[in-house]
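Worksheet: one structure, shown below.
Protein chains: 2
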Amino acid sequence: MGLLVLKFGGTSVATVPAIENVASKVAQEIAAGHKVAVVVSAMAGVTNQLVSYCSAISQIFDAKEYDAIVASGEQVTSGLLALALQKRGIPARSWLGWQVPIVTSDVHGKARIKAVETDTLRASLERGEVAVIAGFQGLAPGGRITTLGRGGSDTSAVAVAAALKADRCDIYTDVDGVYTSDPRIVSRAKKIPKISYEEMLEMASVGAKVLQTRSVELAMKEKVPVQVLSSFESASGSEIPGTMVMDEDRIVEQEVVSGVTHSRDEAKVSLRSLPDVPGVAAKIFGPLAEAAINVDMIVQNVSPDKARTDLTFTVSRADLPKTLEVLKAVQQTDLAGTTIDSSADVSKISIIGIGMRSYVGVASKMFQVLAEKGINIQVITTSEIKVSVLIGEEYTELAVRSLHTAYGLDQAQAS
Amino acid sequence: MGLLVLKFGGTSVATVPAIENVASKVAQEIAAGHKVAVVVSAMAGVTNQLVSYCSAISQIFDAKEYDAIVASGEQVTSGLLALALQKRGIPARSWLGWQVPIVTSDVHGKARIKAVETDTLRASLERGEVAVIAGFQGLAPGGRITTLGRGGSDTSAVAVAAALKADRCDIYTDVDGVYTSDPRIVSRAKKIPKISYEEMLEMASVGAKVLQTRSVELAMKEKVPVQVLSSFESASGSEIPGTMVMDEDRIVEQEVVSGVTHSRDEAKVSLRSLPDVPGVAAKIFGPLAEAAINVDMIVQNVSPDKARTDLTFTVSRADLPKTLEVLKAVQQTDLAGTTIDSSADVSKISIIGIGMRSYVGVASKMFQVLAEKGINIQVITTSEIKVSVLIGEEYTELAVRSLHTAYGLDQAQAS
Numbered sequence: 012m013g014l015l016v017l018k019f020g021g022t023s024v025a026t027v028p029a030i031e032n033v034a035s036k037v038a039q040e041i042a043a044g045h046k047v048a049v050v051v052s053a054m055a056g057v058t059n060q061l062v063s064y065c066s067a068i069s070q071i072f073d074a075k076e077y078d079a080i081v082a083s084g085e086q087v088t089s090g091l092l093a094l095a096l097q098k099r100g101i102p103a104r105s106w107l108g109w110q111v112p113i114v115t116s117d118v119h120g121k122a123r124i125k126a127v128e129t130d131t132l133r134a135s136l137e138r139g140e141v142a143v144i145a146g147f148q149g150l151a152p153g154g155r156i157t158t159l160g161r162g163g164s165d166t167s168a169v170a171v172a173a174a175l176k177a178d179r180c181d182i183y184t185d186v187d188g189v190y191t192s193d194p195r196i197v198s199r200a201k202k203i204p205k206i207s208y209e210e211m212l213e214m215a216s217v218g219a220k221v222l223q224t225r226s227v228e229l230a231m232k233e234k235v236p237v238q239v240l241s242s243f244e245s246a247s248g249s250e251i252p253g254t255m256v257m258d259e260d261r262i263v264e265q266e267v268v269s270g271v272t273h274s275r276d277e278a279k280v281s282l283r284s285l286p287d288v289p290g291v292a293a294k295i296f297g298p299l300a301e302a303a304i305n306v307d308m309i310v311q312n313v314s315p316d317k318a319r320t321d322l323t324f325t326v327s328r329a330d331l332p333k334t335l336e337v338l339k340a341v342q343q344t345d346l347a348g349t350t351i352d353s354s355a356d357v358s359k360i361s362i363i364g365i366g367m368r369s370y371v372g373v374a375s376k377m378f379q380v381l382a383e384k385g386i387n388i389q390v391i392t393t394s395e396i397k398v399s400v401l402i403g404e405e406y407t408e409l410a411v412r413s414l415h416t417a418y419g420l421d422q423a424q425a426s
Numbered sequence: 012m013g014l015l016v017l018k019f020g021g022t023s024v025a026t027v028p029a030i031e032n033v034a035s036k037v038a039q040e041i042a043a044g045h046k047v048a049v050v051v052s053a054m055a056g057v058t059n060q061l062v063s064y065c066s067a068i069s070q071i072f073d074a075k076e077y078d079a080i081v082a083s084g085e086q087v088t089s090g091l092l093a094l095a096l097q098k099r100g101i102p103a104r105s106w107l108g109w110q111v112p113i114v115t116s117d118v119h120g121k122a123r124i125k126a127v128e129t130d131t132l133r134a135s136l137e138r139g140e141v142a143v144i145a146g147f148q149g150l151a152p153g154g155r156i157t158t159l160g161r162g163g164s165d166t167s168a169v170a171v172a173a174a175l176k177a178d179r180c181d182i183y184t185d186v187d188g189v190y191t192s193d194p195r196i197v198s199r200a201k202k203i204p205k206i207s208y209e210e211m212l213e214m215a216s217v218g219a220k221v222l223q224t225r226s227v228e229l230a231m232k233e234k235v236p237v238q239v240l241s242s243f244e245s246a247s248g249s250e251i252p253g254t255m256v257m258d259e260d261r262i263v264e265q266e267v268v269s270g271v272t273h274s275r276d277e278a279k280v281s282l283r284s285l286p287d288v289p290g291v292a293a294k295i296f297g298p299l300a301e302a303a304i305n306v307d308m309i310v311q312n313v314s315p316d317k318a319r320t321d322l323t324f325t326v327s328r329a330d331l332p333k334t335l336e337v338l339k340a341v342q343q344t345d346l347a348g349t350t351i352d353s354s355a356d357v358s359k360i361s362i363i364g365i366g367m368r369s370y371v372g373v374a375s376k377m378f379q380v381l382a383e384k385g386i387n388i389q390v391i392t393t394s395e396i397k398v399s400v401l402i403g404e405e406y407t408e409l410a411v412r413s414l415h416t417a418y419g420l421d422q423a424q425a426s
């Protein structure tokens, strides 16, 4: 018996029957004696439709009006879920961002939650109602509707859970948890029962797109236990566990490596014979940042010619043409004698694990495994809990599977 | 140069191109130097879609949630129109019912407007913005969204015009004005340039469904000049006039009869040999009212048998079976000896005109015209500015055309 916040995304509420299914899940938690607040997204496709209306009028549109328009999607879903709960004899009431209110900054289109006022929600819960909250939206100080940016409903749910001091925040999605690797590549990938916030952040940022990054950051800051689980199973989150994302201190049996991830959305750019003088990096990354190009891995080596250096970095594959365009402009003005190489047939493989901090040899094992398979490592970057390497794209599956086995992540085979 | 409130219905904002067309009309009024507030409905079909979601969950649903759900339609349109105006370089801002606020009663699903707060709207207009207001919706004292019932956006527009003391409220619709008769029946029907509120109310209630009745009542009470005009012409309402609905004192050249209307949605019920005792009418109309059956024309005659009487009344055709069911129940308990006749092949023809008050012989001319055409009158009712007769349905066109000519309403033919 506790207070749960449940969040259901767009595919979980895509149709009226899907919303009925969500109502059944909520009913199970109510029957188990929990108090429940629910956060919902718009019905799948609705937000895209609304955005397309805006784009059809103008490519550059006022974010204040955009917010008022797209926030209507969650308004519909929250009302419909309240109706579906009421039909089951469960008192329920919908609450929009401005009604709670969920107070945000006034950066329209990507506002940040400043505070979730709890008086209205607590009163609703104390009346015995399920509080059904429209996700993704809030209220700016000036009284206008704001939205939190794509995937913002995850953040809404965590913020509501933090404000209400909920026992758990269950994020229902189209996967039943976080896996040690992509099951489409690694057939023996297994569901991770517990993962730390830090690991989850690293997982999400390298491609295991389950939770919005901001929601995990917020959960970590507010110490909200978050569970990722499937809305397409008949059991509720209290019955069949998904993956719990929680403080590392609460995870007793910590694996050294929790997961192996990969990303094919990578392109590599190398600048050779770069003048090795102060300010040269700024001359390159300044214009790229201005062009809104996100640079990921960066390594700089000493060149054979001591007055010159080599620089390699990665960008997302879609940004490669624009990146080369920017660099060529820089080359003409500032980088005489520098050559630019690029390739898009690369893949980034990462191993992630809190346990790395207390074990030595984790990275070297990775390099050894890849070497044994004859896979050349082009770039390496490391963080405290992650090692990433860039390799030729054709080796992606081989690398992921080999590492998954090497770090003992393979699921025991049914005998 | 003045302050105009323009209202655009669902077909006028059905698509993005239609919304662009609306923006062009608003731009014309701005270019002419007017300040403009706009009230919009949901895109055609959207409200029906939202209602169908509610009905799919439950036939009986909570009106509070219904209101939150369906109000989202106008939210989208108001934002999109603001964007379309901004694209034309016209500052614009959308305002939802709760933002204005438009304060209503808490009768969800058919709330009545109590007050339109003007501070927010005036500030918006004074900043040089077009205030784009979501029609059909308001805010109940408890902080929940309300809706005004179908067609409520007309009422929103008139209420906003009254609160802002606008010079005119232009209701753009799919017809270019109010006609002396249905042009599909009377080819020489002409557009009425000016009509009084009272006449408009009588026109609307007998089938010329152009404006929501409540909006006309409100306009009459608040003396708001309302113009009905087409959104499908390129000119604005300040350029090509539609029909002005206004106080009769301001209409200089008043026709004796302004229009001839008809309704085929009629059924006649006759009770013969009814006991002529006090309370008998209540025994009949009480149960009908309880069954939510709306009774229109009622006439009672003296019967040859002095202790008995004949009673005839009309109901809408769809209500006839239910009416007969109710009457048969009453017959068994209270009306022994009474016979019940009914017929659904009847039509109601009305002549409407403020001028009737000051002219004699207007009704008798109607009876004479019908008699000359061999049309039998089954029931007659009169009000101060309307005479209605019930006739056999097959005479509908003949009656309407003959009366239209007889009262001098035919448009001059091009020579």
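The listed protein sequences derive, respectively, from chains A and B.
Heads up, the numbering used here is the position in the first sequence plus 11, with the first residue counted as 1.
Heads up, the numbering used here is the position in the second sequence plus 11, with the first residue counted as 1.
We treat Cβ as the ideally placed atom computed from N, Cα and C, and that holds for glycine.
No experiment lies behind these values; they were computed from the predicted model shown.
If we ignore side chains and look at the alpha-carbon of each, how far apart do residue i and residue j end up?
i: B:T323; j: B:C65; result: 40 Å
i: A:D260; j: A:G366; result: 12 Å
i: B:L420; j: B:T26; result: 37 Å
i: A:D307; j: B:A126; result: 56 Å
i: A:T393; j: A:Q379; result: 16 Å
i: A:S354; j: A:E405; result: 13 Å
i: A:R412; j: A:M377; result: 12 Å
i: B:I309; j: B:E76; result: 39 Å
i: B:V62; j: B:R225; result: 22 Å
i: A:A151; j: A:A74; result: 12 Å
i: A:G84; j: A:E266; result: 41 Å
i: B:D178; j: B:G108; result: 22 Å
i: A:I196; j: A:Q422; result: 14 Å
Please return the same chain residues whose Cβ sits closer than 6 Å to the Cβ of residue i, not counting the five positions on each side in sequence.
i: A:C180; result: V16, A168, V169, A172, V235, V237
i: B:P194; result: A200
i: B:D276; result: S327, R328
i: B:G303; result: What sits at residue 303 of chain B in the sequence shown is Ala, not Gly. Cβ neighbours of B:A303 beyond the five flanking positions: none.
i: A:L159; result: A122, F147, T166
i: A:A374; result: V398
Let me know if residue i comes out buried or exposed under the rule of 16 or more other beta-carbons within 10 Å of its beta-carbon.
i: B:M480; result: Since the first and last residues shown for chain B are 12 and 426, residue 480 of chain B lies out of range.
i: A:Y190; result: buried
i: B:D185; result: exposed
i: A:K317; result: exposed
i: A:T344; result: exposed
i: B:A113; result: One detail in the question is off: residue 113 of chain B reads as Ile in this sequence, not Ala. Classification for B:I113: buried.
i: B:K46; result: buried
i: B:A29; result: buried
i: A:A340; result: exposed
i: A:Q86; result: buried
I need the DSSP call for residue i, collapsed to helix, strand or coil.
i: B:A145; result: strand
i: A:T323; result: strand
i: B:F9; result: Residue 9 of chain B is absent from the model: chain B starts at 12 and stops at 426.
i: B:M428; result: Within the shown structure, residues of chain B are numbered from 12 to 426, placing residue 428 of chain B beyond reach of any answer.
i: B:Q60; result: helix
i: B:E277; result: strand
i: A:K232; result: helix
i: A:Q343; result: helix
i: B:N312; result: strand
i: B:H415; result: helix
i: B:T224; result: helix
For residue i, which residues of its own chain have a beta-carbon under 7 Å away from its beta-carbon, when the five flanking residues on both sides are left out?
i: A:G90; result: S105
i: B:V111; result: V127, E128, T131, L132, I144
i: A:S23; result: A29, V33, Y183, S242
Quick check: does the Cβ of residue i come within less than 8 Å of any heavy atom belonging to the ligand PLP?
i: A:C180; result: Here there are no bound small molecules, and the ligand PLP is not part of this structure.
Grab me the residues of residue i's own chain with a C-beta within less than 8 Å of its C-beta, minus the 5 sequence neighbours each way, in chain order.
i: B:L331; result: A278, V280, S353, A355
Practice task
Decide if the stretch 394–408 of chain B is in contact with the stretch 354–371 of chain B; the criterion is three or more beta carbon pairs, one per stretch, under 8 Å apart.
Solution key: yes
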